[in-house]
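2 protein chains.
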Amino acid sequence: MKITLKSPLDMHLHLRDDEMLKTVAPLSSNSFCGALVMPNLVPPVTDKDMVKSYKGRIIEAIGSDCFEPYMTLFFQDSYTRAFLEQVRDDILAVKLYPAGITTNSEGGVAALDVETLRPTLQIMSDLKIPLCIHGESNGFVMDREQEFMPIYEALAQSFPELSIVMEHITTAAAVAMLDRYDNIYATITLHHLLITLDDVAGGMLKPHLFCKPIAKRYEDREALLHVALNAHPKVMFGSDSAPHPQHKKEACGCAAGVFTAPIALPVLAELFANHGLLDNLQSFVSNNAMNIYNITPPVTELVLEDTPMHVPEKYNTVIPMYAGEQIGWSIRK
Amino acid sequence: MKITLKSPLDMHLHLRDDEMLKTVAPLSSNSFCGALVMPNLVPPVTDKDMVKSYKGRIIEAIGSDCFEPYMTLFFQDSYTRAFLEQVRDDILAVKLYPAGITTNSEGGVAALDVETLRPTLQIMSDLKIPLCIHGESNGFVMDREQEFMPIYEALAQSFPELSIVMEHITTAAAVAMLDRYDNIYATITLHHLLITLDDVAGGMLKPHLFCKPIAKRYEDREALLHVALNAHPKVMFGSDSAPHPQHKKEACGCAAGVFTAPIALPVLAELFANHGLLDNLQSFVSNNAMNIYNITPPVTELVLEDTPMHVPEKYNTVIPMYAGEQIGWSIRK
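And the structure:
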């Protein structure tokens with residue numbers, strides 16, 4: 000069995016910077032024709048120069064023009080209309096992090112109050128700049144996403160013309176929002192389609208499967224699978240592939256993030272094929288994102304086939320998901 | 000502030016064997032006058048000779064007669080009346096593990112069916128041998144203890160003369176069982192009085208706080224604190240202190256267990272004192288266990304005082320809870 004994907008996109012990606020960028024960027028561009036690049040560097044990406052220079056470093060690390068890095072700005076409620084008008088053409092979206100909620104999000108929004116955010120969000124709505132959100136409260140770890148739903152609802156109602164993307168959703172509660180508000184969309188990762196908290200902490204503790212939001216319950220995974228496998232038109236693939244060096248994962252305090260960039264598309268193909276829904280993969284990994292973001296990415300083709308692939312133990316210092324294991328599908332060379 | 004504890008007991012302890020036994024046994028006998036020693040060695044402790052020889056190795060590792068290792072047998076439904084009569088005087092309890100539920104429990108009970116267990120449990124009831132249980136189903140990690148409650152209920156009802164100890168309870172559901180059945184008791188660990196899943200996986204992932212049963216929700220911790228701090232007469236302290244070498248904790252797959260033996264009593268004293276209930280500590284860490292198990296342990300005294308103590312980074316290869324941190328209370332030398 001095989002499938003030829005046209006212009007596959009990863010609509011939520013962490014490429015980091017410096018040496019790590021050089022390690023991981025080619026592993027994304029080997030599979031994808033473009034990706035929405037998250038802005039949570041240290042310091043975060045908050046102005047036009049930073050966007051342009053980070054984009055330049057990404058392109059240099061990739062060394063090919065068959066990959067488009069779609070850039071994001073790190074949300075700040077101090078952004079003015081003049082500022083956003085001037086940076087508009089260099090970004091695809093603005094990413095909002097509640098302060099301290101995940102890796103390098105310390106400069107995020109402390110109080111997620113609609114009135115505080117209203118001026119900036121109204122400008123974004125006027126300028127048609129989508130808002131991507133890491134939607135978690137600071138409550139109990141298993142409840143954080145569900146507790147964020149009222150904020151999504153308030154934003155969707157207050158800014159009906161603003162496109163709001165719930166990033167890396169993990170719960171049935173978030174899935175239910177998709178059909179409730181016209182202007183709410185979502186990305187779903189590979190790992191949240193595959194694992195539950197049982198895989199992270201039900202047997203041995205698995206630091207390489209530890210991520211934020213944390214993997215949830217079986218019924219949550221079922222809800223995610225339902226919309227992904229059926230290529231719900233408001234759902235896009237976003238890997239949230241997040242590299243950390245091994246010593247930051249296998250340690251006394253382990254950083255959050257699963258590294259899936261090099262294996263995401265073969266594993267997705269296997270998953271969709273196992274459900275007899277391989278034809279829906281094109282929409283999930285490309286067409287939906289093109290429609291939602293109104294983008295025309297580089298034209299590429301990638302052939303995936305059910306030839307097994309041995310996943311490397313490491314990519315430099317980074318341990319991928321399925322490290323050292325065999326997966327059922329691979330990218331045709 | 001200070002308290003003099005008389006004959007403190009740890010009613011759930013893992014001492015392991017060989018080099019690890021030599022490292023950890025003195026760290027328990029420095030604080031406690033006795034402990035209920037778990038039988039999940041490799042292979043598990045399943046006959047009289049193994050009990051006697053393991054007890055001998057523990058006494059040798061401690062090198063003092065001020066510590067009584069109360070021994071347990073690893074439950075098997077093949078134990079006969081003649082066998083249990085013959086081993087009765089060498090053990091204090093029999094410990095039942097569902098198969099594969101925690102470290103070295105592979106030889107445990109596969110199907111927890113009361114009728115299958117009835118012959119053995121009836122003999123234990125007749126011989127007044129308490130049954131200690133690791134009470135978890137093989138369901139979703141956050142539900143495992145709660146799902147086990149019907150089994151506790153069936154056992155309590157079927158064997159009203161059998162003393163049943165719910166080991167290392169972690170949920171409000173288990174706490175509620177204590178007042179429902181006369182013959183149900185419980186141990187509570189130090190760490191489950193202190194942490195929730197947020198401490199394990201809410202920020203960075205903390206392998207040294209990963210244990211089975213996994214730490215639960217805030218309302219569960221509240222329920223545990225309520226019965227521990229008030230020294231509910233059916234509740235005993237059992238540390239479940241479970242040493243693993245550092246390389247098995249900070250690894251691609253991390254073993255379950257928190258090592259608390261050397262700091263348990265000072266931290267408990269600080270906890271009880273902070274709640275203004277220091278006087279209840281004596282019952283929680285000694286008197287309740289003496290009453291429940293009808294034992295007369297070695298007479299010792301331990302003075303705890305609110306003088307800060309710096310917790311070592313390691314005890315040989317084992318990282319303790321609060322490694323490298325300062326705790327508010329200490330053992331008077």
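Those protein sequence lines, which keep their order, are chains C and G. The opening residue of the first sequence carries number 0 in numbering that gives the first Met the number 0; numbering runs sequentially from there. The opening residue of the second sequence carries number 0 in numbering that gives the first Met the number 0; numbering runs sequentially from there. The beta carbon of each residue, even a glycine, is placed where N, CA and C say it ideally should be. As the structure is a prediction and not an experimental result, all values here were calculated from the model.
Nearest residue (CA-CA) to residue i, options the options
i      : options                        : result
C/G55  : C/P118, C/D89, C/D142          : C/D89
C/R174 : C/L270, C/E160, C/F158, C/M148 : The question names Arg, but residue 174 of chain C in the sequence shown is Val. Considering only alpha carbons, the answer is C/M148.
C/G201 : G/G99, G/G202, G/T188, G/R117  : G/G99
C/V298 : C/F271, C/S30, C/A171, C/H13   : C/S30
C/E249 : C/E324, C/H207, C/A227, C/S285 : C/H207
C/E221 : C/D198, C/I194, C/V234         : C/I194
G/V257 : G/T102, G/M176, G/L95          : G/T102
G/I330 : G/S28, G/H11, G/M19            : G/S28
G/K332 : G/G275, G/M308, G/S52          : G/M308
G/H190 : G/Y180, G/A255, G/M203         : G/A255
Listed by chain order, chain G residues near residue i by CB distance under 7 Å
i      : result
C/E221 : Those within 7 Å of C/E221 in chain G number zero; the least Cβ separation is about 13 Å.
C/I213 : A200
C/A250 : E249
C/A254 : M203
Through-space distance from residue j to residue i, alpha-carbon basis
i      : j      : result
G/A268 : G/F236 : 12 Å
C/V164 : C/D9   : 14 Å
C/L126 : C/N137 : 30 Å
C/E144 : C/H246 : 28 Å
G/P159 : G/E152 : 10 Å
C/M0   : C/T306 : 9 Å
G/V336 : G/L192 : Limits of chain G in this structure are 0 at one end and 332 at the other, which puts residue 336 of chain G out of reach.
C/L14  : C/A227 : 24 Å
C/D219 : C/C210 : 16 Å
C/Q85  : C/K47  : 8 Å
G/S77  : G/Q121 : 13 Å
C/A109 : C/T115 : 10 Å
C/I57  : C/L301 : 21 Å
G/Q75  : C/H11  : 52 Å
C/V266 : G/D142 : 29 Å
C/R87  : C/G107 : 20 Å
C/P68  : G/V199 : 35 Å
C/M176 : G/T188 : 41 Å
G/I291 : G/T186 : 11 Å
C/M19  : C/H231 : 34 Å
G/T295 : G/A288 : 10 Å
G/A263 : G/E105 : 28 Å
C/T79  : C/T119 : 7 Å
C/E146 : C/A172 : 9 Å
C/G323 : C/T259 : 13 Å
Partner residues on chain C for residue i, Cβ-Cβ distance less than 9 Å
i      : result
G/F139 : T195, L196, D197, G201, R216, Y217
Beta carbon of residue i nearer than 8 Å to that of residue j
i      : j      : result
G/P212 : G/H167 : yes
G/K215 : G/T170 : yes
G/A92  : G/I128 : yes
G/A24  : G/I61  : yes
C/P38  : C/K94  : yes
C/P97  : C/S285 : no
C/L26  : C/P311 : no
C/L83  : C/Q281 : no
G/V36  : G/L72  : no
G/S162 : G/Y184 : yes
G/T22  : G/N315 : yes
C/D197 : G/F139 : yes
Residue i, enclosing alpha helix (DSSP H) - first and last residue
i      : result
C/M19  : 17-28
C/D9   : Run containing C/D9: none in the alpha helix (DSSP H); it sits in the beta strand (DSSP E), 8-12.
G/L196 : 196-200
G/M320 : Note, G/M320: premise wrong, no alpha helix (DSSP H); not H, not E.
C/V266 : 263-273
G/L116 : 113-126
G/F82  : 80-86
Within chain G, partners of residue i - CB distance below 8 Å
i      : result
C/F209 : A200, L204
Beta strand (DSSP E) segment containing residue i, residue limits
i      : result
G/L95  : 92-95
G/G33  : 33-36
C/A185 : 183-187
C/L303 : 300-304
C/M165 : 163-165
C/V234 : 234-236
C/Y69  : 67-73
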